[in-house]
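First the structure, in the form of structure tokens, and then the observations on it.
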Amino acid sequence: MTQENDMNARQLAGQLVMIRVPGTELYADMEKYLRDNHIRAICLFRQNMVDAAQLARFTTALRLAMGPNSLIALDQEGGAVVRTTWLPAPPAAMGLGATDDAVLCFAVGAAVARGVKALGFNWNFAPVLDINNNPNNPVIAERSFGADPRRATALALAWMDGSLSEGVACCVKHFPGHGDTHIDSHRDLPTVDKPLAALEALELAPFRTAAHAPAMMTAHIVYPALDPDRPATLSRRILTGLLREQWGYRGVVITDGLDMRAIAGHYGAGNAAVMALTAGADMVMALGTRETQQETLDALAGAIDSGQVT
1 MTQENDMNAR
11 QLAGQLVMIR
21 VPGTELYADM
31 EKYLRDNHIR
41 AICLFRQNMV
51 DAAQLARFTT
61 ALRLAMGPNS
71 LIALDQEGGA
81 VVRTTWLPAP
91 PAAMGLGATD
101 DAVLCFAVGA
111 AVARGVKALG
121 FNWNFAPVLD
131 INNNPNNPVI
141 AERSFGADPR
151 RATALALAWM
161 DGSLSEGVAC
171 CVKHFPGHGD
181 THIDSHRDLP
191 TVDKPLAALE
201 ALELAPFRTA
211 AHAPAMMTAH
221 IVYPALDPDR
231 PATLSRRILT
241 GLLREQWGYR
251 GVVITDGLDM
261 RAIAGHYGAG
271 NAAVMALTAG
281 ADMVMALGTR
291 ETQQETLDAL
301 AGAIDSGQVT
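Residue numbers (my numbering): 1 to 310.
Here it is in structure tokens:
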């Protein structure tokens, strides 16, 4: 391996990951880490935020370090899932679903986008397209627009269109559907063992309708009817065969956090990142520790250099 080839592989690896960072300001060692590893995408969480002035300074510093085309993301869904708590609190998807008002959903999506854009964000990991069809689901519930796939999809996509109208990219989630689980994929690997016809009628329907969305986030869930061997995040049958080839999806596919127990506990961070990209993902979320982020970057650089990831 030549030094030039190694650098090229590492530059590419850095642009295939989204990481999280500690703290509420960009310290010199983190700035060096971002530059050395050619990182271009960061997701911020509540622990990175103090107030509007601090956050605007932080995102400005991050963009200066990563470049003008960098991606700075957050999860600002509404309800319980908000990061910038001092902005006007957007309603949860369940509440919007109860109104059955697409015009209102568009307005809320636009308002959320204006708020986060003013703070330096250009990508919001919302809205949720999961169907709320399991009352024992520990992680979706109010994050869903409802149990009826047609209405929930229409409302979620109106919310998305509102955000896009204000210049903030969206990412619908969690493909192919996290609604009918009783296990939180942050804690373990769920399985949705339903016939294909049932999946097509419920879980898959919103995502197929949303095939024009700019980005989709994958679910760390096994769907035996689609692929009995691998969770969707790591499944070529699902990400390439179903999403890309059958549905013709041309947007960005990003994984959910590979530090979640559903993936890290079964496959390991670096190995999972390579598996996800070879399955058809465009970007992986390496949200763990500095050590697991480095493991991911090293694994991707090696896979790029060997031709496994192209």
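Ideal Cβ placement from N, Cα and C applies to all residues, glycine included.
Computed from a predicted structure; not experimentally measured.
| query | What's the gap between the Cα of A61 and the Cα of V192? | reply | Position 61 of the sequence shown, counting from 1, holds the residue named residue 61. Position 192 of the sequence shown, counting from 1, holds the residue named residue 192. C-alpha separation (whole angstroms): 42 Å.
| Should D256 be counted as a contact of the ligand PLP given a C-beta to heavy atom distance under 8 Å? | Absent from the structure shown: the ligand PLP. Ligands present: none.
| request: Could you please give the first and the last residue of the uninterrupted alpha helix (DSSP H) stretch that includes N105? | output: Numbered from its first residue, the sequence shown carries residue 105 at position 105. Here residue 105 is Cys; the residue named in the question, Asn, does not match the sequence. Unbroken alpha helix (DSSP H) run through C105: A102 to A118.
| request: Could you spell out the range, first to last residue, of the beta strand (DSSP E) harbouring K173? | output: Your numbering for residue 173 matches position 173 in the sequence shown. V172 to F175 is the extent of the beta strand (DSSP E) around K173.
| Beta-bridge partners of L258, as assigned by DSSP | The residue labelled residue 258 in the question sits at position 258 within the sequence shown. When beta bridges are read from the DSSP output, L258 appears opposite no residue.
| said: Please identify the residue among R35, Q47, G78 and T24 whose C-alpha is closest to the C-alpha of A111. | reply: As a first step, residue 111 must be located in the sequence shown, where it is residue number 111. Comparing Cα-Cα distances from A111 to each of R35, Q47, G78 and T24, the minimum goes to G78.
| request: Check whether the segment 10-22 touches the segment 31-46, taking contact to mean three or more Cβ pairs, one atom from each stretch, closer than 8 Å. | output: yes
| task | Give the single residue among E166, W159 and Q294 whose Cα lies nearest to the Cα of P91. | result | Here residue 91 corresponds to residue number 91 of the sequence shown, with the count starting at 1. For P91, the nearest C-alpha among the options comes from W159.
| For P214, which residues from the same chain have a beta carbon less than 8 Å from its beta carbon, with the 5 sequence-adjacent residues on both sides left out? | If you number the sequence shown from 1, residue 214 lands on position 214. L164, A169, C170, C171, G251 and V252.
| 6 Å Cβ shell around A113 - same chain, five flanking residues per side excluded | Indexing the sequence shown from 1 puts residue 113 at position 113. Answer for A113: S163, E166 and V168, listed in chain order.
| Own chain, CB closer than 6 Å to E203, minus 5 neighbours either side, in chain order | Looking up residue 203 in the sequence shown gives position 203. Around E203: P176 and G177.
| request: In the DSSP assignment, find the unbroken beta strand (DSSP E) run with V17 in it and report its ends. | output: Within the sequence shown, numbered from 1, the residue matching residue 17 stands at position 17. Element bounds for V17: V17 to I19.
| request: Might you give, ordered along the chain, the residues of its own chain that have their beta carbon closer than 7 Å to the beta carbon of L157, omitting 5 neighbours on each side? | output: Counting from one through the sequence shown, the residue named residue 157 turns up at place 157. Cβ within range, chain order: A210.
| Using the beta-carbon count (16 or more within 10 Å), is R290 buried or exposed? | Taking the first residue of the sequence shown as 1, we reach residue 290 at position 290. So R290 ends up on the exposed side.
| message | Any contact between the segment 265-279 and the segment 290-306? By contact I mean 3 or more CB pairs, one from each, below 8 Å. | response | yes
| request: Report yes or no: do three or more beta-carbon pairs, one from the segment 236-243 and one from the segment 137-152, lie closer than 8 Å? | output: no
| field | Residue from I19, F45 and R46 with nearest C-alpha to Y33 | value | Taking the sequence shown and counting its residues from 1, one reaches residue 33 at position 33. The shortest Cα separation from Y33 among I19, F45 and R46 belongs to I19.
| said: My output table needs one value for Q3: the three-state DSSP class, helix, strand or coil. | reply: Position 3 of the sequence shown holds residue 3. The pLDDT assigned to Q3 is 46, lower than 50, so where the model puts this residue is not dependable, and the model offers no usable value.
| said: In whole angstroms, give me the CA-to-CA distance for R261 and A28. | reply: Along the sequence shown, one-based indexing puts residue 261 at 261. Along the sequence shown, one-based indexing puts residue 28 at 28. If you take the alpha carbons of R261 and A28, they lie about 31 Å apart.
| field | CA nearest to the CA of A80, picked from N124, A93, V116 and S70 | value | Counted from its first residue, the sequence shown places residue 80 at position 80. Out of N124, A93, V116 and S70, A93 has the C-alpha closest to the C-alpha of A80.
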